[in-house]
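Scroll down for the structure; my scribbles are underneath it.
There are 2 protein chains.
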Amino acid sequence: MSAPAPVVFRNALLVTQDAERRVVRGDLAVTDGRIAHVGPGAAAVGEEIDASDFAIVPGFVNAHAHVAMSLLRGIADDRDLGGFLERLFAVDARRTERDVESGAAAGIAEMLLSGTTSFLDLYYAEDAVARAVERLGARGFLGWAVLDPEMTTQKGVPVDNARAFIDRWRGHARVTPLVGPQGVYVCGEETWLKARDVARAAGTLLHYHLSETRREVHEHEAKTGMRPPIWLERIGFLGADQVAAHGVWLTRREIELLAERRVAVAHCPSSNLKLATGGVAPVVELRRAGARVALGTDSTASNNSLSMLREMHVAGLLQKHHRWDAAALRAQELLDLATIEGASAIGRGQDLGSLEVGKLADLSLVRLDHPTMLPARPEAVVSHLAYAASEEAIDSVYVGGEAVVRHRALVREPWAPIRAEAETAAAALWSPA
Amino acid sequence: MSAPAPVVFRNALLVTQDAERRVVRGDLAVTDGRIAHVGPGAAAVGEEIDASDFAIVPGFVNAHAHVAMSLLRGIADDRDLGGFLERLFAVDARRTERDVESGAAAGIAEMLLSGTTSFLDLYYAEDAVARAVERLGARGFLGWAVLDPEMTTQKGVPVDNARAFIDRWRGHARVTPLVGPQGVYVCGEETWLKARDVARAAGTLLHYHLSETRREVHEHEAKTGMRPPIWLERIGFLGADQVAAHGVWLTRREIELLAERRVAVAHCPSSNLKLATGGVAPVVELRRAGARVALGTDSTASNNSLSMLREMHVAGLLQKHHRWDAAALRAQELLDLATIEGASAIGRGQDLGSLEVGKLADLSLVRLDHPTMLPARPEAVVSHLAYAASEEAIDSVYVGGEAVVRHRALVREPWAPIRAEAETAAAALWSPA
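Going down the list, the protein sequences come from chains A and B.
Per the working numbering, the very first residue in the first sequence carries number 28; after that it's consecutive.
Per the working numbering, the very first residue in the second sequence carries number 28; after that it's consecutive.
Structure follows, in structure tokens:
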């Protein structure tokens, strides 16, 4: 599609997330889908929007999701990961590619409406997710799930499917295809290394689960004599352009290893807590060691929300509680995880995650007059975003300068038919087999 | 005021929270502010509302708040209780009764708009909070803060002020005045017993802080040789019609004591986590011992949200995590804490907390077509309320059969002037002294 029309947002409270983390009153101009001016006195370039009642905030980056699972929200609550997966796999076997697209569209709608513009996904049938991304105008970083051939219901060899998926979508403006090795419990050495080679050849990311549960760690140690990150290093897998989800059960040595190899970690506190994974991801230690950390919701089946506003709140509460230190993961750091550090984790720190000239205009207009943003003082706005703001405060959302949510309504497609199709698909999946 | 007009909500998904926790399609009729029919086939009584796109849910009971503090949201983040209070007390000294009313109105608006119809408050100048309750139509259970005379900035003797406050508001339809001894760190034996006598004479509740921090417990033990609940028992204070907030640092013996004396506990997980209180309130053990447990947000200065939807989610996540048991505090139990058990904790289980004939019509219409309520299946709706629903899904809210929120807008007063006044008051408080 052609570039969106140029626009200037006038007199907003700009939560820049730039290097100085400035929060300033000013204008934000967008031309050719990118930010052309940040601060007072932007020249007119086309459309003028009075944004004086809004904070403008970089679009959130959700660094770990399985967005199509919105159809399964509430289907497997109050179980640990084992019982959870057992229930899900039973339903999963009956899911069609059309179900995946329906669920993804509903999930992407929920994300856009809560200010998330980019998300990192891990699933099979990612073409269906990619179509939903196109339909709604989000930015999808979509990892095709890769497992050992004997461990999957996919037709053909998963890693070859991933390569073909990447070939189909490479160069797309909103879809970044990538490779998603599921985890050490279903991927052997050959699969990991092939996945790495496919990603490297395509110049794209790897996204995988790592050290989420004690069981995963202990079983891998029993099988190989090594804990998962050590084993992944030993086989030569670890490297930059990788986002490992969870990273709950990491030793000090593993933390240093991930930092050294430039592997980013997507922290998913709500999901970890809800599945009673035990332990707490060493977010403070990872950051201190220099590792990039991002924030992810995981799926609606284990969270059960896709809101990064809630996820920031939970992430902050968990670290403060765990460390008996109220200053652990401060409000500013939480917003960093959800924006600039999330962008950096997915390798797009040059393009996304802050309001700076030259970056893509992925941003939200947040109502300063919403009850949960009171008092709307510049010195409190970061706190409100991290700890208090309700999704309803997100008035409008732009991706690449294009309005994809305007006054709480999706722009490209209305919600009602997306919802109707998702409910129909859910009805079939929820019914007894 | 006269009783609101009778109404029938037709064909809703009724989340009854009755003894069987039934979720059924049907009608809900309201006459004279009370529920007259629950289930299929209600006779017409007056207004007819098609509620087929809604779940009807009992209004939430927020069992611990300091609602006027909405002006101070974000003013003292990322500090422990000591540092937090130091910052707050400095601001507090400058607050006027008008500031209290402004803050309370804004906070009550936030609560109503997130489905909370009843709240238990602890503060001074509760007349101002009561006026805000009247203005917006919530149900306020308002505890006048009582301290030893030498510990307070109140004019006169706090316990006498509490008695006078009760006399001024007794018998009010929406305001229940009560006595709020602040805690063992500012109340000596005489104050506790006088507070008890005032409450007993007026037939009302006592609401107080109890065993929130280690410091509180240890200092009291150093001073008296007894931990707070044991000491309160020894002086003859403990009894029914009491709601103790927090109850984090409780021993097994204290849990049994509170259950035996019929003291209810208001669990405030977000606040406890954010202040890094350490430990976790023994919610499971309290319930197992037969104690009534409710859920509270505490203030926006330490939460920083007043949403009971978020609070249920956090409460569930915390217990599952703490016990390494994904089945701890299931979705249904979380909704119970926020509704019927909250009502029971504040001594109004006969009147509030469920959709049953004869109870007050305090309820919310929750949009089944909201993205966070997908899939809107009867067997999932309790899960969605506990773990996923965003505040925006709360479409309309009734108190005593009167619409106080209709389609996301306050009914009795518009939000804009409430907000403007609160921002003005906040500006004065936030400015350097």
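Glycine included, each C-beta is placed from N, C-alpha and C at the ideal position.
Query raised in the report: Quick one: what's got a C-beta closer than 8 angstroms to A/Arg37's C-beta in the same chain, skipping five residues either side?
Result: Taking the first sequence and counting its residues from 1, the one referred to as residue 37 of chain A is at position 10. Excluding sequence neighbours, A/Arg37 sits near Asp54, Ala69, Glu75, Ile76, Asp77, Ala78 and Ser79.
Query - B/Arg289 versus B/Ile282 - alpha carbon distance - result: Residue 289 of chain B sits at position 262 when you count from the first residue of the second sequence. Residue 282 of chain B sits at position 255 when you count from the first residue of the second sequence. Looking at the two C-alpha atoms, the distance is approximately 11 angstroms.
Query raised in the report: Taking the Cβ atom as the reference point for each residue, do A/Leu382 and A/Ile62 lie within a distance shorter than 8 angstroms?
Result: One-based indexing of the first sequence puts residue 382 of chain A at position 355. One-based indexing of the first sequence puts residue 62 of chain A at position 35. Yes, these two residues count as a Cβ contact at 8 angstroms.
Query raised in the report: Just to confirm, are B/Ala95 and B/Ile445 a CB contact at a threshold of 8 angstroms?
Result: Here residue 95 of chain B refers to the residue found at position 68 of the second sequence. Here residue 445 of chain B refers to the residue found at position 418 of the second sequence. Cβ atoms of B/Ala95 and B/Ile445: not closer than 8 angstroms.
Query - Assigned exposure category for A/His245 - 16 Cβ within 10 Å defines buried - result: Sequence index remark: in the first sequence, residue 245 of chain A carries index 218 (1-based). Burial call: exposed.
Query raised in the report: Should B/Asn331 be flagged as near chain A, meaning a C-beta pair shorter than 8 angstroms?
Result: Translated into the one-based positions of the second sequence, residue 331 of chain B becomes position 304. So yes, B/Asn331 belongs to the interface.
**Report entry** Runs of beta strand (DSSP E) wholly within the segment 152-202 of chain A (minimum 3 residues, chain order)
**Finding:** Those beta strand (DSSP E) runs which fall completely within the segment 152-202 of chain A and span 3+ residues are 166-173.
Report task. At 7 angstroms on the CB atoms, spell out the chain A contacts of B/Ser479, in chain order. Result -> Any answer about residue 479 of chain B is impossible in this case: the structure gives chain B only from 28 up to 460.
Query raised in the report: In chain B, which residues lie with their C-beta within 9 angstroms of the C-beta of A/Glu419?
Result: Indexing the first sequence from 1 puts residue 419 of chain A at position 392. Those are Leu140, Ser417, Glu418, Glu419 and Arg435, listed as they occur along chain B.
**Report entry** Neighbourhood of A/Gly65 by C-beta, 7 angstroms cutoff - its chain only, sequence neighbours within 5 removed
**Finding:** As a working note, residue 65 of chain A is residue 38 in the first sequence. Note that residue 65 of chain A corresponds to Val in the displayed sequence, not to Gly. Same-chain partners within the cutoff: Leu41, Thr43, Gly53, Leu55, Leu382, Glu383 and Val384.
**Report entry** Residue interval of the beta strand (DSSP E) (run including A/Leu237)
**Finding:** One-based indexing of the first sequence puts residue 237 of chain A at position 210. Looking at the DSSP string, the run of the beta strand (DSSP E) that includes A/Leu237 is Leu233 to Leu237.
Query - Per-residue burial, A/His434 [other beta carbons within 10 Å of its own, 16 or more giving buried] - result: Indexing the first sequence from 1 puts residue 434 of chain A at position 407. Exposed, since its Cβ has fewer than 16 Cβ neighbours within 10 Å.
Query raised in the report: Are B/Arg242 and A/Ala353 close, meaning C-beta to C-beta below 8 angstroms?
Result: As a working mapping, residue 242 of chain B is identified with position 215 in the second sequence. As a working mapping, residue 353 of chain A is identified with position 326 in the first sequence. Not closer than 8 angstroms, so no.
Query raised in the report: By Cβ distance below 7 angstroms, which residues in the same chain neighbour B/Arg197 in space, the five residues on each side in sequence not counted?
Result: Walking along the second sequence from the start, residue 197 of chain B turns up at place 170. Around B/Arg197: Pro204 and Ala229.
Query raised in the report: In the DSSP assignment, what residue or residues form a beta bridge with B/Pro204?
Result: Walking along the second sequence from the start, residue 204 of chain B turns up at place 177. Bridge partners of B/Pro204: B/Leu169.
**Report entry** DSSP three-state assignment for B/Ser145, whether helix, strand or coil
**Finding:** Position 118 of the second sequence, counting from 1, holds the residue named residue 145 of chain B. When secondary structure is reduced to three states using DSSP, B/Ser145 falls in the strand class.
Query - Per DSSP, the bridge partner or partners of B/Pro85 - result: On the second sequence, residue 85 of chain B is found 58 positions in, with the first residue counted as 1. Answer is B/Leu390.
Query raised in the report: Does the beta-carbon of B/Pro309 have 16 or more other beta-carbons within 10 angstroms, so that it is buried, or is it exposed?
Result: As a position in the second sequence, residue 309 of chain B is number 282, starting the count at 1. With 16 or more other CB atoms across the displayed protein chains lying within 10 angstroms of its CB, B/Pro309 is buried.
Report task. Answer yes or no: do A/Leu390 and A/Tyr425 have a C-beta to C-beta separation smaller than 8 angstroms? Result -> Position 363 of the first sequence, counted from the first residue, corresponds to residue 390 of chain A. Position 398 of the first sequence, counted from the first residue, corresponds to residue 425 of chain A. In this structure, A/Leu390 lies near A/Tyr425, with their beta-carbon atoms less than 8 angstroms apart.
**Report entry** 8 angstroms Cβ cutoff, B/Ser410 in contact with chain A
**Finding:** By one-based count along the second sequence, residue 410 of chain B stands at place 383. With a threshold of 8 angstroms between beta carbons, B/Ser410 makes contact with chain A.
Query raised in the report: Within 10 angstroms of its Cβ, does A/Glu360 collect 16 or more other Cβ (buried), or is it exposed?
Result: Locating residue 360 of chain A in the first sequence gives position 333, counting from the first residue. Classification of A/Glu360: buried, given that the 10 Å Cβ count is 16 or more.
Query raised in the report: Any beta-carbon of chain B closer than 8 angstroms to the one on A/Ser458?
Result: For this step, residue 458 of chain A is matched to residue 431 along the first sequence. Judged by the 8 angstroms Cβ criterion, A/Ser458 is not in contact with chain B.
Query - CB-CB length for B/Ala372 against B/Ala120, believed under 8 angstroms - result: Counting from one through the second sequence, the residue named residue 372 of chain B turns up at place 345. Counting from one through the second sequence, the residue named residue 120 of chain B turns up at place 93. In this structure B/Ala372 is not in contact with B/Ala120, their Cβ atoms being roughly 33 angstroms apart against a cut-off of 8 angstroms.
Query raised in the report: Is the CB of B/Gly101 under 8 angstroms away from at least one CB in chain A?
Result: For the purposes of this step, residue 101 of chain B is identified with residue 74 of the second sequence, where counting begins at 1. Closer than 8 angstroms: yes.
Query raised in the report: Is A/Ser423 helix, strand or coil when you go by DSSP?
Result: By 1-based counting over the first sequence, the position of residue 423 of chain A is 396. The DSSP-derived three-state label of A/Ser423 is strand.
Query raised in the report: How many angstroms separate the CA atom of B/Trp351 from the CA atom of A/Asn299?
Result: If you number the second sequence from 1, residue 351 of chain B lands on position 324. If you number the first sequence from 1, residue 299 of chain A lands on position 272. Rounded to the nearest angstrom, the two C-alpha atoms are 10 angstroms apart.
Query raised in the report: If you run the structure through DSSP and keep just helix, strand and coil, what is A/Gln269?
Result: Position 242 of the first sequence, counted from the first residue, corresponds to residue 269 of chain A. DSSP places A/Gln269 in strand when its eight states are reduced to three.
Query raised in the report: Which partner residues of A/Ala430 appear in the DSSP bridge assignment?
Result: Locating residue 430 of chain A in the first sequence gives position 403, where the first residue counts as 1. A/Ala430 has A/Tyr425 as its beta-bridge partners, per DSSP.
Query raised in the report: At which residues does the alpha helix (DSSP H) containing A/Ile76 begin and terminate?
Result: The residue you call residue 76 of chain A lines up with position 49 of the first sequence. A/Ile76 -> not in any alpha helix (DSSP H); beta strand (DSSP E) instead, spanning Glu74 to Asp77.
Query raised in the report: B/Arg357 CB to nearest chain A CB: under 8 angstroms?
Result: What you label residue 357 of chain B is simply residue 330 of the second sequence in a count that begins at 1. Yes, B/Arg357 lies at the interface with chain A (some Cβ there is under 8 angstroms from its Cβ).
Query raised in the report: Do A/Leu344 and A/Ala413 have their CB atoms nearer than 8 angstroms?
Result: Along the first sequence, read from residue 1 onward, the residue named residue 344 of chain A stands at position 317. Along the first sequence, read from residue 1 onward, the residue named residue 413 of chain A stands at position 386. Their beta carbons are not under 8 angstroms apart, which means A/Leu344 does not touch A/Ala413 by this criterion.
Query - Contact set between A/Thr399 and chain B, taken where Cβ atoms lie within less than 7 angstroms - result: Counting from 1 along the first sequence, the entry for residue 399 of chain A is found at position 372. Those within 7 angstroms of A/Thr399 in chain B are Glu137 and Ser332.
**Report entry** Option in B/Asp59, B/Ala453, B/Val409 and B/Glu429 with minimal Cα separation from B/Val51
**Finding:** Taking the first residue of the second sequence as position 1, residue 51 of chain B is located at position 24. Cα-wise, what sits closest to B/Val51 is B/Val409.
Query raised in the report: B/Leu383 versus chain A: which residues are under 7 angstroms apart at the beta carbon?
Result: For the purposes of this step, residue 383 of chain B is taken as residue 356 along the second sequence, with counting starting at 1. The residue you asked about is not Leu; residue 383 of chain B is Glu in the sequence shown. Chain-ordered listing is empty here: chain A has no CB closer than 7 angstroms to the CB of B/Glu383, the nearest sitting near 25 angstroms.
Query raised in the report: For B/Leu140 versus A/Pro256, is the C-beta distance shorter than 8 angstroms?
Result: Here residue 140 of chain B corresponds to residue number 113 of the second sequence, with the count starting at 1. Here residue 256 of chain A corresponds to residue number 229 of the first sequence, with the count starting at 1. Pairing B/Leu140 with A/Pro256 gives a Cβ-Cβ distance that is not under 8 angstroms.
Query raised in the report: First and last residue of the alpha helix (DSSP H) that includes A/Val438?
Result: By 1-based counting over the first sequence, the position of residue 438 of chain A is 411. No alpha helix (DSSP H) contains A/Val438, which DSSP labels as neither H nor E.
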